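*Asks:*
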Amino acid sequence: MASLFSKAVAFARSPQGQRMISQASAKAKELANDPKTRAKIDQGTARVRSELAKRRGGGTPPAGGPTPR
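Under this note's numbering, residues 1 to 69 are what the sequence shown spells out, in order.
(1) Taking only three categories from DSSP, how would you classify residue 42?
(2) Helix, strand or coil for residue 22? Go by DSSP, reduced to three states.
(3) Suppose you measure from the CA of residue 10 to the CA of residue 52; what does that come to, to the nearest Å?
Printed below as a string of structure tokens:
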């Protein structure tokens with residue numbers, strides 16, 4: 001029995017799969033160039049960077065934690 005990955009590869013190589021990949025690629029390029037989508041991506045990126053900074057010690061310590069002596 002062919003694995004799921006083998007079936008996916010076979011479909012991607014077929015004419016129908018190539019057409020679908022081409023359409024998806026064109027849509028992705030269109031969305032990447034849309035200012036509204038770009039703004040959403042930038043907001044998400046800023047949010048992730050903010051969270052990472054907090055986890056790396058850039059934020060305030062959690063309330064109720066141990067107090068320094």
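In this text, a Cβ means the ideal position worked out from N, Cα and C, and glycines have one as well. Being a predicted model, the structure only gives us computed values, none of them experimental.
*Replies:* Once the coordinates are examined:
(1) Three-state result, residue 42: helix.
(2) helix
(3) 40 Å
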